[in-house]
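These notes concern the structure reproduced below.
Structure representation (structure tokens):
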């Protein structure tokens, strides 16, 4: 959904509410109301959360007040983040940061501005953690959130930020995150048990990361007891807890309790976020693999992939792709195994950003954890002041050296990656040729239509024949309607069959055949074919469309693939 449509829909609801008495503030003697209003709105469910966020956004536009505009953009960004509308979330969160500069010029660093900046930086961290899988940026924004907390002397967000820092260290399998978990535990103990679950869960994450599974089990059970196992209002927290409990029992080789915990987490999936649910599917799928239940494992992992695709989330996406490839290998379906492994390699490239993580040592240098812990006891965080000119010079030198090294390493890995892809596709071309020769020699043995007499199987066999024998994908004007007419069926039924049997939509299925033939043609000609001519022969209407489809399928441009085949 585009931002324009999002705003239009929410605006219509807002106008109705305003006519009925209004939710906007006509005038304000000061801005202190914004903090309470933000807390109230963030605690709401959709769509009310979006409607009231838009009300603040509109008030900022109408009054021209940059502080109110900062809140409006930040609240809309938070709303879209929870709704998994990633592009809108990033747009409004970044807009809030940009507008805040105007607010600073007008009123300086007041508590209202520092509070919403802490919220916004924390939410930007969640965006980069969930949608970009960029631990570097996520950590950077969390440290900025801590700085804003310190400036505003508003400690209400400390526990959330500390919990998120611990979570990032857990994802990186970095045991140094224990310091943040312990600070959170101390904060909770000093504040009458507030955020008790987050404290116990964070400690459990680090005990699990350290390999102390018995302590992790104790911490998780204590966290669940505090929530109340049947508390519906804590659905997401229970998913966290039971999923980690299942992982812990697997490490302890207690399979019955592990399965019980993981099924409990899975049963609560409707109340969780993408990262919670996909983590549960991944863990449960691994359990089924260990038990030799490959079909159950595949079904579970594919649920995780569907969830990632529908929400554009990258958390656990690569792990799911790699595991699905592994399952197909165990099932002796090497074609599917290779397809998913190629997808895994394509997405693996995006993890280059993780190479920047060593620079976090310099970011952490802003904080003296000794003083940080002492100030937390007074519910404040103090940032150690430093000689800015000297530190900036040292940091600039480190960044220049680090970036230079990272660029060299990236291009070195990219070259090796391309060579690996070309080798794999050459092997795939050879394997496909052998399979076709076997099918030609033994047509009865490899006749798929004998496996089932159902209408769906029959139609799928006709579709396959049209593609493989008739090569209808060469027709640049081919549409699903034309193919349906050719097969004497209707569009919707044909679309459903392709989705069910191929696991993709019609255009993806069509391009799959086109790109497979392109790969064969380039590989068999040893890179001597003309790409423009090949693109039009295969049914593409433009070379740009061919380049985009080829890169999406293989992870590299066709020109690079051709050059590698020539070598």
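Residue numbers (full-length UniProt numbering): 1 to 567.
We treat Cβ as the ideally placed atom computed from N, Cα and C, and that holds for glycine.
Cβ neighbour criterion (16 or more within 10 Å) applied to residue i
| i | result |
| --- | --- |
| residue 371 | Only weak support is given to the placement of residue 371: the predicted model assigns it a pLDDT of 43, under 50, and the question is left unresolved by the model. |
| residue 297 | buried |
| residue 192 | exposed |
| residue 327 | buried |
| residue 399 | exposed |
| residue 62 | exposed |
| residue 50 | buried |
| residue 555 | buried |
| residue 289 | buried |
| residue 264 | buried |
Whole-angstrom distance between residue j and residue i, CA atom to CA atom
| i | j | result |
| --- | --- | --- |
| residue 324 | residue 340 | 7 Å |
| residue 494 | residue 507 | 13 Å |
| residue 252 | residue 55 | 51 Å |
| residue 542 | residue 534 | 11 Å |
| residue 21 | residue 80 | Summary for residue 21: the model assigns pLDDT 33, below 50, so the residue's position carries little reliability, and this model does not support an answer. |
| residue 199 | residue 175 | 16 Å |
| residue 397 | residue 137 | 20 Å |
| residue 456 | residue 462 | 10 Å |
| residue 492 | residue 481 | 9 Å |
| residue 184 | residue 262 | 27 Å |
| residue 505 | residue 499 | 5 Å |
| residue 173 | residue 516 | 38 Å |
| residue 580 | residue 234 | Outside the shown range of the chain, which is 1 to 567, sits residue 580, and nothing can be said about it. |
| residue 291 | residue 502 | 27 Å |
| residue 182 | residue 268 | 28 Å |
| residue 96 | residue 304 | 32 Å |
| residue 560 | residue 566 | 10 Å |
| residue 337 | residue 140 | 37 Å |
| residue 146 | residue 464 | 57 Å |
| residue 242 | residue 207 | 16 Å |
| residue 166 | residue 94 | 24 Å |
| residue 518 | residue 334 | 20 Å |
| residue 275 | residue 215 | 24 Å |
| residue 160 | residue 186 | 14 Å |
| residue 57 | residue 171 | 35 Å |
| residue 322 | residue 316 | 10 Å |
| residue 357 | residue 240 | Any answer about residue 357 is weak, because its pLDDT of 43 lies below 50 and its placement is not dependable; what the coordinates show is given next. Going from the Cα of residue 357 to the Cα of residue 240 covers about 26 Å. |
| residue 478 | residue 470 | 13 Å |
| residue 59 | residue 35 | 15 Å |
| residue 177 | residue 472 | 56 Å |
Cβ-Cβ distance between residue i and residue j below 9 Å
| i | j | result |
| --- | --- | --- |
| residue 245 | residue 221 | yes |
| residue 238 | residue 224 | yes |
| residue 158 | residue 169 | no |
| residue 99 | residue 70 | yes |
| residue 67 | residue 103 | yes |
| residue 134 | residue 128 | yes |
| residue 131 | residue 188 | no |
| residue 258 | residue 201 | no |
| residue 474 | residue 539 | yes |
| residue 301 | residue 277 | no |
| residue 553 | residue 511 | yes |
| residue 568 | residue 549 | Outside the shown range of the chain, which is 1 to 567, sits residue 568, and nothing can be said about it. |
| residue 84 | residue 310 | yes |
| residue 497 | residue 459 | yes |
| residue 320 | residue 282 | yes |
| residue 213 | residue 156 | no |
Candidates the options, of which the one nearest residue i by Cα
| i | options | result |
| --- | --- | --- |
| residue 248 | 210, 228, 226 and 275 | 210 |
| residue 45 | 37, 70 and 82 | 82 |
| residue 113 | 33, 236 and 184 | 33 |
| residue 255 | 464, 279, 275 and 287 | 287 |
| residue 523 | 562, 161 and 257 | 562 |
| residue 332 | 345, 294, 88 and 545 | 294 |
| residue 90 | 243, 124 and 316 | 124 |
| residue 346 | 318, 115 and 337 | 318 |
| residue 65 | 47, 94, 43 and 101 | 101 |
| residue 148 | 207, 509, 111 and 556 | 111 |
| residue 314 | 466, 240 and 279 | 279 |
| residue 194 | 551, 115, 227 and 171 | 227 |
| residue 476 | 190, 536, 60 and 260 | 536 |
| residue 260 | 555, 284 and 240 | 284 |
| residue 197 | 171, 236 and 43 | 236 |
Handout entry: Contact the region 110-120 vs the region 61-78: 3+ CB pairs below 8 Å
Key = These segments touch.
Handout entry: the region 524-535 in contact with the region 478-493 per 3-pair CB rule at 8 Å
Key = Taking 8 Å as the limit for Cβ pairs, the verdict is that the region 478-493 does not touch the region 524-535.
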